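At position 87 of the sequence shown the residue is numbered 103 (the numbering used here), and the sequence of numbers has no breaks.
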Amino acid sequence: MSGDDNGHAAPVDRFNLAYCFLLLHGIGFLLPWNVFINAREYFVDYKLNTTTSYDADYRLNFMSYLGFAAHFPSLVFAAWNTFSQSGSSLSNPTFRFSGAMLVEVTVLLFTIAFTMVDTCDIPGTFFGITIVSVVLINCCVGIHQTLTFGMAAILPMKYSNAVIVGSNACGTIISLVNVLTKWLAMIKSRSRKSIVVAAVAYFMSSVGIVLACVITYFWLRRLEFVRYYSSLGNKRCIEVLSPPEGTSPPAKKANEHGTQPDANGYLPAIYTQGDEKDINETEEGSQGRRLLLKSMNAVEAVNNKNTGEHPSDQTLPHSFGSEESTGDEEAAEDKNDSELLRDCFGICCFAPPLGETRCRAYWSRYLACLSECWPHCLSIWSVFFCSLSVFPAIQSMIRPNNPNYWISPLWFVDVTCFFFFNLFAVLGCIVSNWIKIPGPRLLWIPVWIRTLLFIPFFLFCNFGLTNPKLPVLITNDHVYLAAVVIFAFTNGYFASLGIMYAPRNSPPERAELCGMLAAFFLNLGVFSGVYASRGLVSLVI
17 MSGDDNGHAA PVDRFNLAYC FLLLHGIGFL LPWNVFINAR EYFVDYKLNT TTSYDADYRL
77 NFMSYLGFAA HFPSLVFAAW NTFSQSGSSL SNPTFRFSGA MLVEVTVLLF TIAFTMVDTC
137 DIPGTFFGIT IVSVVLINCC VGIHQTLTFG MAAILPMKYS NAVIVGSNAC GTIISLVNVL
197 TKWLAMIKSR SRKSIVVAAV AYFMSSVGIV LACVITYFWL RRLEFVRYYS SLGNKRCIEV
257 LSPPEGTSPP AKKANEHGTQ PDANGYLPAI YTQGDEKDIN ETEEGSQGRR LLLKSMNAVE
317 AVNNKNTGEH PSDQTLPHSF GSEESTGDEE AAEDKNDSEL LRDCFGICCF APPLGETRCR
377 AYWSRYLACL SECWPHCLSI WSVFFCSLSV FPAIQSMIRP NNPNYWISPL WFVDVTCFFF
437 FNLFAVLGCI VSNWIKIPGP RLLWIPVWIR TLLFIPFFLF CNFGLTNPKL PVLITNDHVY
497 LAAVVIFAFT NGYFASLGIM YAPRNSPPER AELCGMLAAF FLNLGVFSGV YASRGLVSLV
557 I
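This is how it looks when you write it as structure tokens:
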């Protein structure tokens, strides 16, 4: 996309501001969750380390509870933000982003305030408050993540990659902080005060990043570069809906069912006389006909995609990437959440044929998007399912075969598992900016080979067990280290390619929705990988 239909050149991303802002958002939507993980000492060894909770299940398995409270809410709200798009003010991306950031900052400040409160007598209550905080944080993460990938999807490919680079950079920064913290603890004994100070520093840094994300979000949407690409979808819709100046509308001609064209000469979707009668007899008949028109146009787009024609592009206003309104079209789409939910499950909520009409109308645009990007969505899911199946649950249990290896056993997990994974994932993301092999059609092949190869590979490594359940087949530490590097690099590389390829087969007005679908499948891959790792751990110990 180097220019518009009139030959105007696209504006330049001055000082790479859009790229840097999206990279910051990649860091920002993961950092609040990461600080909870890295403040483990504060929660387990300080707040919950009391006489009444020392042997409590919620203290001993604190990280497991934390993980469950994080991944499921994140997936649910990523799905909600992706599939709940009514066109009303409540589904406006700016409104949702602002609400999510307000909740996130409030929870983080509330958590900081609790560092100054004595909770020795109420450890169970404090644990419950912490879990609720994690749930709220990750609800916001799901919204922030899908919105960020959606914004990036309307821009050239490297901007989608910027988000992935940022998310992996966040992990690299956190892993370095962990190594530094561990080293300082070795040379200077850790006190309760130092644990609290470190936790406050974690949470305050997260507040700062979130506030920076708020500022850059509004700045980003006002950049000329971003506004240009955001307007492409709206411009195309408006141009198609309005006949060219100096020309007359198409001749009005009834179709075989006797249906007359509208004022602009466009034929509505075809439905039977019986269906028309049933719909007209309902109090919402006019809305049903509008929804049916929208549905059939979108389905027709799927059927005609091989010809390059997208009739649905002519009737569906772009409601994601830009705050510009398309007038009456947007007003017609305005619904409240209850109506939106009923349309979503239209077959169950309305009598035939209106129920089927509403359901098809609601899901048609998602089907149109999925028909264009489903191979890449599955590739994204596979990459993150494979990665989170073994990282960090399996990899953090692996020990060196040679105790005199150049990475000592004390630092082996910190370096090979956490630092190397995040570092080489970032490098993989960066390389994908210049090297894009394989292309969109063949990306799924190496992605699925990676999944089938690496999951069993790590299961047969050395876990330092006296009587391991599985045989130790990987007895060379150099081989293991090389596999870790390749595993991490391909995670970043293939994830970036999938995210960049996903919206590229879609017209501009559907690109942002495709980006949000890609982010949803990313979350789904993380969620399914994390819970698959529990089954894999049971195979090892």
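We put the beta carbon where it would ideally sit given N, CA and C, even for glycine. Bear in mind that the values here come from a model prediction, so they are computed numbers and not experimental data.
_ARG550 burial status per 10 Å Cβ neighbour count (16 or more: buried)_ = Walking along the sequence shown from the start, residue 550 turns up at place 534. Under this definition ARG550 is an exposed residue.
Worksheet item: Are GLY444 and TYR509 touching if we call contact CB-CB under 7 Å?
Response: One-based indexing of the sequence shown puts residue 444 at position 428. One-based indexing of the sequence shown puts residue 509 at position 493. Yes, these two residues count as a Cβ contact at 7 Å.
### Query
Can at least three beta-carbon pairs, one atom from the region 90-109 and one from the region 124-137, be found at a separation below 8 Å?
No: fewer than three Cβ pairs fall under 8 Å.
Open item on the list: Please report the distance separating the alpha-carbon of GLY218 from that of ASN483.
Closed with: Translated into the one-based positions of the sequence shown, residue 218 becomes position 202. Translated into the one-based positions of the sequence shown, residue 483 becomes position 467. It is worth fixing the name first, because residue 218 is Tyr in this sequence and not Gly. Within the model, the alpha-carbon separation for TYR218 versus ASN483 is close to 40 Å.
| said: Which same chain residues end up closer than 6 Å to ARG520 when comparing Cβ atoms and leaving out the 5 residues on each side of it in sequence? | reply: The sequence position of residue 520 within the sequence shown is 504, counting from 1. Annotation for ARG520: no residue places its beta carbon closer than 6 Å to its own, counting only its chain and skipping 5 residues before and after.
In chain order, what residues of the same chain lie with their CB nearer than 8 Å to the CB of PHE165, ignoring the 5 residues before and after it?
In the sequence shown, the residue the question calls residue 165 occupies position 149. Sequence-distant Cβ neighbours of PHE165 in its own chain, meaning closer than 8 Å and more than five residues away, are SER176, VAL179, ILE515, GLY531, MET532, ALA534, ALA535 and LEU538.
**Prompt:** For TYR547, which of PHE88, VAL28, ASP71 and LYS63 has the nearest alpha-carbon?
**Reply:** As a working mapping, residue 547 is identified with position 531 in the sequence shown. When each option's Cα is compared against that of TYR547, the closest is PHE88.
Pick from PRO27, LEU540 and LEU163: whose alpha carbon is nearest that of TYR233? Taking the first residue of the sequence shown as 1, we reach residue 233 at position 217. Across the set PRO27, LEU540 and LEU163, the C-alpha of LEU163 shows the shortest separation from the C-alpha of TYR233.
Residue range of the alpha helix (DSSP H) that includes ASP134
Here residue 134 refers to the residue found at position 118 of the sequence shown. Element bounds for ASP134: n/a, residue is neither H nor E.
Legend entry - Cβ distance (whole Å) where CYS136 is taken to contact ILE43 below 8 Å: By one-based count along the sequence shown, residue 136 stands at place 120. By one-based count along the sequence shown, residue 43 stands at place 27. The beta carbons of CYS136 and ILE43 sit about 35 Å from each other, so the pair does not count as a contact at 8 Å.
*Range covered by the alpha helix (DSSP H) that runs through GLY224*: Working through the sequence shown from its first residue, we reach residue 224 at position 208. Annotation: the continuous alpha helix (DSSP H) that includes GLY224 extends over 208-238.
**Item:** Host alpha helix (DSSP H) of GLN161 (start-end)
**Value:** Here residue 161 refers to the residue found at position 145 when the sequence shown is read from its first residue. Run containing GLN161: 139-169, per the alpha helix (DSSP H) assignment.
Point to revise | Nearest neighbour of PHE111, chosen from LEU91, ILE189, ILE138 and HIS160 [CA to CA] | key: To locate residue 111, count along the sequence shown from 1; it is residue 95. It is HIS160.
Any idea if HIS334 is buried or exposed, counting beta-carbon neighbours within 10 angstroms, 16 or more meaning buried?
In the sequence shown, residue 334 corresponds to position 318, counting from 1. For HIS334, the predicted structure reports a pLDDT of 38, less than 50, and the residue's modelled location is therefore unreliable. A value from the coordinates is still provided. Burial call: buried.
| Can you list, in chain order, the residues of its chain whose CB lies under 6 Å from that of SER107, leaving out five sequence neighbours each side? | On the sequence shown, residue 107 is found 91 positions in, with the first residue counted as 1. The beta carbon of SER107 sits closer than 6 Å to the beta carbons of GLN101 from its chain, once the five residues preceding and following it are set aside; these are given in chain order.
Check your understanding: What are the start and end residues of the alpha helix (DSSP H) that includes ASP430?
Key -> By one-based count along the sequence shown, residue 430 stands at place 414. No alpha helix (DSSP H) holds ASP430; DSSP gives it neither H nor E.
Notebook entry, point to check: Does the region 454-462 come within contact of the region 428-441, defined as at least 3 CB pairs closer than 8 Å?
Noted result: In short, these stretches do not touch, since the Cβ pair count stays below three.
*Exposed or buried, VAL133, counting other C-beta atoms within 10 Å across all chains shown (16 or more means buried)?*
Counting from one through the sequence shown, the residue named residue 133 turns up at place 117. VAL133 comes out exposed.
In whole angstroms, what separates the C-alpha of VAL212 from that of ASN478? To locate residue 212, count along the sequence shown from 1; it is residue 196. To locate residue 478, count along the sequence shown from 1; it is residue 462. So the alpha carbons of these two residues sit roughly 36 Å apart.
Does the region 494-509 come close enough to the region 444-455 to have 3 or more Cβ pairs within less than 8 Å?
Enough Cβ pairs lie closer than 8 Å, so yes.
TODO: Determine, using beta-carbon pairs with one atom in the region 408-421 and one in the region 385-393, whether at least three such pairs fall under 8 Å.
DONE: No contact exists between the region 408-421 and the region 385-393.
Original post:
What's the C-alpha gap between MET167 and LEU40?
Top reply: Within the sequence shown, residue 167 is the residue found at index 151, counting from 1. Within the sequence shown, residue 40 is the residue found at index 24, counting from 1. CA-to-CA, the gap between MET167 and LEU40 works out to about 13 Å.
Apart from the five residues just before and just after ARG206, which ones in its own chain have a Cβ nearer than 8 Å to its Cβ?
-> Here residue 206 corresponds to residue number 190 of the sequence shown, with the count starting at 1. Excluding residues within five positions, the ones whose Cβ falls inside 8 Å are GLU57.
| query | Taking just the CA atoms, how far does LEU227 sit from LEU118? | reply | The residue you call residue 118 lines up with position 102 of the sequence shown. The residue you call residue 227 lines up with position 211 of the sequence shown. Rounded to whole angstroms, the gap between the alpha carbons of LEU118 and LEU227 is 9 Å.
Quick check: the Cα distance between TRP422 and LEU196, rounded to an integer number of angstroms?
Position 406 of the sequence shown, counted from the first residue, corresponds to residue 422. Position 180 of the sequence shown, counted from the first residue, corresponds to residue 196. Answer to the nearest angstrom: the Cα atoms are 19 Å apart.
| So what does DSSP say about ARG457, is it helix, strand or coil? | Numbered from 1 along the sequence shown, position 441 holds the residue referred to as residue 457. The three-state secondary structure of ARG457, taken from DSSP, is coil.
Per DSSP, what kind of secondary structure is VAL488 in: helix, strand or coil?
Residue mapping note: residue 488 aligns to position 472 of the sequence shown, counting from 1. Here VAL488 sits in coil by DSSP.
Quiz item: In chain order, what residues of the same chain have a beta carbon less than 6 Å from the beta carbon of ALA314, not counting five sequence neighbours either side?
Solution: Reading the sequence shown from its first residue, position 298 is the one you call residue 314. Because ALA314 carries a pLDDT of 45, less than 50, the predicted location of this residue cannot be relied on, and no value is offered for it.
- Keeping to the same chain, check which residues put their C-beta closer than 7 Å to that of PRO27; ignore five residues upstream and five downstream. Residue 27 sits at position 11 when you count from the first residue of the sequence shown. The answer, listed in chain order, is GLU240, PHE241 and TYR244.
Whole-angstrom Cβ separation of PHE428 and GLY545, contact assumed at under 8 Å?
As a first step, residue 428 is located in the sequence shown; it is residue number 412 there, counting from the start. As a first step, residue 545 is located in the sequence shown; it is residue number 529 there, counting from the start. Contact check for PHE428 and GLY545: beta-carbon distance about 23 Å, past the 8 Å limit, so the pair fails to qualify.
So the candidates are VAL542, VAL556, GLY541 and GLU528; which of them puts its Cα closest to the Cα of PRO109?
One-based indexing of the sequence shown puts residue 109 at position 93. Its Cα nearest to that of PRO109, the residue GLU528 stands out among VAL542, VAL556, GLY541 and GLU528.
What is the DSSP secondary structure of ALA94, counted as helix, strand or coil? Stepping through the sequence shown from its first residue, residue 94 is reached at position 78. Three-state DSSP puts ALA94 in a helix.
message: My assumption, with CB atoms under 8 Å, is that VAL442 sits in contact with THR188. Please give the rounded CB distance.
response: Position 426 of the sequence shown, counted from the first residue, corresponds to residue 442. Position 172 of the sequence shown, counted from the first residue, corresponds to residue 188. That pair is a contact at about 6 Å.
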